[in-house]
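*Asks:* All letters in the sequence shown, in the order written, are residues -11 to 320 by the numbering used here. Yeah, the Cβ is synthetic: ideal placement off N, Cα and C, and Gly gets one too. Quick one: structure below, then a few questions.
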Amino acid sequence: MKIPLITEIQRFSLQDGPGFRTTVFLKGCPLKCPWCHNPETQRPVQEYYYNQARCVSCGRCTAVCPTGGSTLVPGPGKDMVLQLDRSKCINCMRCVAVCLTEGRESVGQAMSLEDILQEVLSDEPFYRNSGGGVTISGGDPLMYPLFTLELAKRIKEHKVHVAIETSCFPKDWKTIQPLLEYVDLFIIDLKSMNPVKHEEVICWPLQPILDNFERLIESKANVRIHIPVVPGFNDSPQDFADYISYLEQFADRIKGVDILNYHVYGEGKYISLGRAKEYQYKGVEENPPEKVLPLARGLKLAGISSVTIGGLVGITTSREEHGRDAGMRCVA
Ligand code: SF4
Ligand code: SF4
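Here's what the structure looks like:
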């Protein structure tokens, strides 16, 4: 069984499923979304953040670096500054171990399944009181199907609600099927309904994702859809119409749709990871919330009872939930 690195175990999350959640972020994803705001979860290997603002150029890291990946060089004034050559880095993390200022932080921690289990189960009383549970996210948990299955199974032994967040990318349904018994909620990211754009921009075909989604529905799994709305990628009237006409067929069988407006928070992470060149959305402005209202309204009119903007604690269009024609309102 391939064991993933963990980038974070986030407690008291309100956006990754119902109630208070503890979300386990696995490192590794086969898709290449150029707007990804969690780039630290994309690669399955350990990386390090360099936080320039915290670096005092003490040189401790250069002294232990075995490859010349970190050196001190004269800066613009009299001071020495740190120069990094990530192409020489072998991810040994010695620099992280000796840095006293958090100028370096490792990204991706090796943890045993037992340790993860122990950590997520320590929040059990909060799950019970809030109707929450554990969400396995990433990256994409289906990069590690056996590990995800085992983790879900072990959590379910404690009668805790399990959700997984995935793009549903696998090309073989058999990867997903065993999870049906142990996963209470599948949260599926639908990044575009346009197969050409999907393949060209995200570098993965759309059809297996739709096939898996439809098989989950046929299997009577609980499914919630996430739509990340990204400027210039899937925010045109045609994109919205395509989402609405496709999801309308499943309106009474999905738990709801969360519309997640693209935001710019990821840029700093790309810089700290030394991967600024990969970030293609530099300078791209976030859409105003009103931009996605036609999509939210269209999905509601198509019969989907729970539609939110911003996730389960965001703005909702649901009249039923609030007992009035609230239009869009913030319930956070
Ligand atoms: S050890 Fe930390 S503070 Fe010192 S030079 Fe390296 S990154 Fe900067
Ligand atoms: S992680 Fe990379 S930069 Fe840091 S000490 Fe090891 S080789 Fe050098």
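#1: Can you tell me whether Ile303 is helix, strand or coil according to DSSP?
#2: Is any non-hydrogen atom of ligand 2 found closer than 7 Å to the C-beta of Arg(-1), if you look at the structure I gave you?
#3: Can you find at least 3 beta carbon pairs, one from the stretch 34 to 52 and one from the stretch 153 to 161, that sit closer than 8 Å?
#4: DSSP on Ser362, reduced to helix/strand/coil?
#5: Taking 8 Å as the cut-off, decide whether the C-beta atoms of Val95 and Glu35 are in contact.
#6: Less than 7 Å between the CB of Gly47 and some heavy atom of ligand 1, yes or no?
#7: Should Val44 be listed as close to ligand 1, given that the test is whether its C-beta is under 7 Å from any heavy atom?
#8: Kindly indicate which residue of Val108, Cys191, Glu93 has the alpha-carbon position closest to the one of Leu19.
#9: Can you tell me whether DSSP reads Pro113 as helix, strand or coil?
#10: Using the Cβ count rule (16 or more neighbours within 10 Å means buried), how would you classify Thr296?
#11: Is the beta carbon of Val108 closer than 8 Å to that of Ile(-3)?
#12: Sorted by chain position, which residues of the same chain lie with C-beta nearer than 7 Å to Ser260's C-beta, five sequence neighbours on each side aside?
#13: What does a CB cutoff of less than 6 Å around Gly291 pick up in its chain, not counting 5 residues either side in sequence?
#14: Ile(-6) lies in the beta strand (DSSP E); which residues open and close that run?
#15: For Arg31, which of helix, strand or coil comes out of DSSP?
*Replies:* So, from the data block:
#1: Caution is warranted here: a pLDDT of 44 is assigned to Ile303, below 50, making its placement in the model unreliable, and no coordinate value can be reported.
#2: no
#3: no
#4: Given that the chain is displayed from residue -11 to residue 320, the structure contains no residue 362 and the question cannot be resolved.
#5: yes
#6: yes
#7: yes
#8: Cys191
#9: helix
#10: buried
#11: yes
#12: Tyr37, Tyr38, Asn39
#13: Ala239
#14: -7 to 1
#15: coil
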